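Have a look at the structure below, then the notes.
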Amino acid sequence: MTATFEPRVVVVTGGAGFIGSNLVRWILHNVRDISVVNVDALTYAGTRASLTDVETEHGRDGSGRYFFRQLDVRDNDGVAQLLAGDTRDTLDGRSVPAPDAVLHLAAETHVDRSIASASAFVSTNVQGTMTLLDAVKVELDARPRDFRLINVSTDEVYGSLGEHDPAFSESHALRPNSPYSASKAGADCLVRAYVETHGLPCITTRSSNNYGPYQFPEKLIPYMIARALRDETLPIYGDGGNVRDWLHVEDHVEALWRVCTHGRIEDEVYNIGGRAERRNIDVARTILSVLEKPASRIEFVADRPGHDRRYALDGTRIRERLDWTPSRSFDEGLRETIRWYVDHQDWWQRALARSSHHAAF
Ligand SMILES: NC(=O)c1ccc[n+]([C@@H]2O[C@H](COP(=O)([O-])OP(=O)(O)OC[C@H]3O[C@@H](n4cnc5c(N)ncnc54)[C@H](O)[C@@H]3O)[C@@H](O)[C@H]2O)c1
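Residue numbering for the sequence shown follows this note's numbering, beginning at 1280 and increasing consecutively.
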């Protein structure tokens, strides 16, 4: 397919997080002559340690195509300066070029934390997205150019499916059940409103659950791997029958790039599914079996309030219009991911030490 948009400088917000760091690495490895500006507040979930190879290869002393700016997406002035190209890389003082695309991933992302306290979720996910939208509007009014804002969202905004329900299509109503998904749905609605009202060039993507390297070990798969490696029990909510559709993070970042370069603004939303529905209990059992630990480590605990039973995405739109389907097998991808966590214990132990929310360990 021929690209309809070829950005030269892209901002990735949340680029020090799980999907963001994989996206930054993928773009720099796969797209020639492009610069990437990683914009991240470095909360507990983000660390430059996920990109040390990228800093070496593409920072000032490498290809010079990678920039890092520590910035909160709620900082109006900082974001406005960033879009105007009037800012300095906090690492080495280089001038950061003005972008022609923003892939917006910065967010508070953990459902359990949103149940404990929702305010950071509304603040970063809703207010932060609005700050970015306002700044893009002001920037494009001042310096009109071909531009894209890709708003990275989640299947969780659609709510929960029953066992035999058809998968969610992009036109399904938004019925978020957790404060996290409600805040993401709020951001999605703002993006839609800025497209309709101000003609902003935005597209929203909604992906299913990601897994792969550099995921903070509070999320299901790395959490279970870390606990298994520590010979601890694997707590499973409810009866373990909740179903998630799993997408390898490298498939996701390829899809995001496809949407950025080939996506149509009039399509508004693209689902990005993994075509790999699995019950949580089966994921936990596989992790124990690959690590040669006894299945008796599984411990059923009281269910999460408002726990969505099943997610599944209809990926027809992105397949038919952008010629994209996921290519990695879940069973192989999960084994590779387990091996990655076995080989990178320093990375996840340090991640946990940064977090104030690891009482479960
Ligand atoms: N992980 C998944 O399975 C999944 C699935 C669908 C959609 N998403 C969406 O993809 C995006 C990335 O998810 P992830 O799993 O990589 O998350 P993550 O928690 O690993 O990373 C989030 C990043 O955002 C940064 N951040 C948080 N608040 C910020 C702020 N106010 N300003 C600037 N930076 C800030 C953090 O420092 C961190 O680096 C999120 O928008 C999430 O909702 C994730």
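Every residue gets a Cβ at the ideal spot worked out from N, C-alpha and C, and that includes glycine.
Predicted model only: the values in this text are computed from it and were never measured.
For the 8 Å CB-CB criterion, serine 1448 and aspartate 1593 form a contact. Sixteen is the threshold: when 16 or more other Cβ atoms of the shown chains lie within 10 Å of the Cβ of glycine 1407, as they do, the residue is buried. With respect to the 8 Å criterion, arginine 1339 and threonine 1369 are not classified as neighbours on the basis of their beta carbons. Threonine 1366 sits in a strand when the DSSP states are folded into three classes. At a threshold of 7 Å, isoleucine 1298 counts as near ligand 1, since its beta carbon sits closer than that to one of the ligand's heavy atoms.
Distance from the CA of arginine 1509 to the CA of leucine 1362, rounded to the nearest whole angstrom, comes to 44 Å. Rounded to whole angstroms, the gap between the alpha carbons of threonine 1540 and alanine 1581 is 44 Å. For glutamine 1360, the closest C-alpha among the options Phe1346, Ile1551, Pro1376 is that of Pro1376. Excluding residues up to 5 positions away in sequence, Phe1284, Pro1286, Val1288, Val1289, Val1290, Phe1426, Arg1427, Leu1428, Ile1429, Cys1539 lie with their Cβ nearer than 8 Å to the Cβ of alanine 1380 in the same chain. A contact between stretches requires three or more CB pairs, one per stretch, nearer than 8 Å, and the region 1290–1308 fails this requirement with the region 1439–1455. Between serine 1439 and arginine 1485, the C-beta spacing is not below 8 Å. CA-to-CA, the gap between tryptophan 1525 and isoleucine 1394 works out to about 23 Å.
Classified as exposed, valine 1621 has fewer than 16 neighbouring CB atoms from the shown chains inside 10 Å of its CB. Straight through space, the alpha carbons of glycine 1343 and serine 1487 are spaced by roughly 33 Å.
Comparing alpha carbon positions, the residue from Arg1422, Trp1536, Arg1367 closest to asparagine 1309 is Trp1536. With contacts defined as CB atoms closer than 8 Å, valine 1390 and tyrosine 1459 qualify as a contacting pair. At the C-beta level, glycine 1520 and isoleucine 1577 stay beyond 8 Å of one another. Counted as a single uninterrupted DSSP element, the alpha helix (DSSP H) harbouring tyrosine 1620 occupies residues 1609–1622. Between histidine 1623 and isoleucine 1566, the alpha-carbon positions lie close to 16 Å from each other. Histidine 1541 sits in a helix when the DSSP states are folded into three classes. When C-alpha distances from valine 1316 are compared across Leu1330, Thr1322, Gly1294, the shortest belongs to Gly1294. For histidine 1337 and glycine 1465, the gap between their C-alpha atoms comes out near 35 Å. The alpha-carbon of methionine 1503 is positioned some 12 Å away from that of lysine 1572. The alpha-carbon of alanine 1324 is positioned some 21 Å away from that of leucine 1613. Judged by DSSP secondary structure, isoleucine 1551 falls within the beta strand (DSSP E) whose first and last residues are 1548–1551.
Scanning its chain for C-beta atoms nearer than 7 Å, with the 5 sequence neighbours on each side dropped, one finds around proline 1378 the residues Val1288, Val1289, Val1290, Val1316, Leu1362, in chain order.
For cysteine 1481, the pairing in a beta bridge is given by DSSP as Leu1428.
Sequence-distant Cβ neighbours of valine 1318 in its own chain, meaning closer than 6 Å and more than five residues away, are Val1290, Thr1292, Arg1348, Leu1350. Residue pairing of histidine 1383 in beta bridges, as defined by DSSP: Thr1292, Asn1430.
Excluding sequence positions up to five before and after valine 1333, its CB lies within less than 7 Å of the CB of Val1303, Arg1304, Leu1307, Tyr1345, all in the same chain and listed in chain order. Using a Cβ distance threshold of 8 Å, tyrosine 1473 and leucine 1453 do not count as a contacting pair.
Annotated as proximal: isoleucine 1617 and leucine 1570, with beta-carbon spacing under 8 Å.
When distances are taken from the beta-carbon of glycine 1325 to the heavy atoms of ligand 1, the shortest one is below 7 Å.
For the set Ala1397, Gly1491, Asp1467, the Cα lying nearest the Cα of serine 1329 is the one of Gly1491.
Take the alpha-carbon of alanine 1574 and the one of leucine 1513: they are about 9 Å apart. In the assembly as shown, proline 1455 is a buried residue. Its beta-carbon has 16 or more other beta-carbons within 10 Å.
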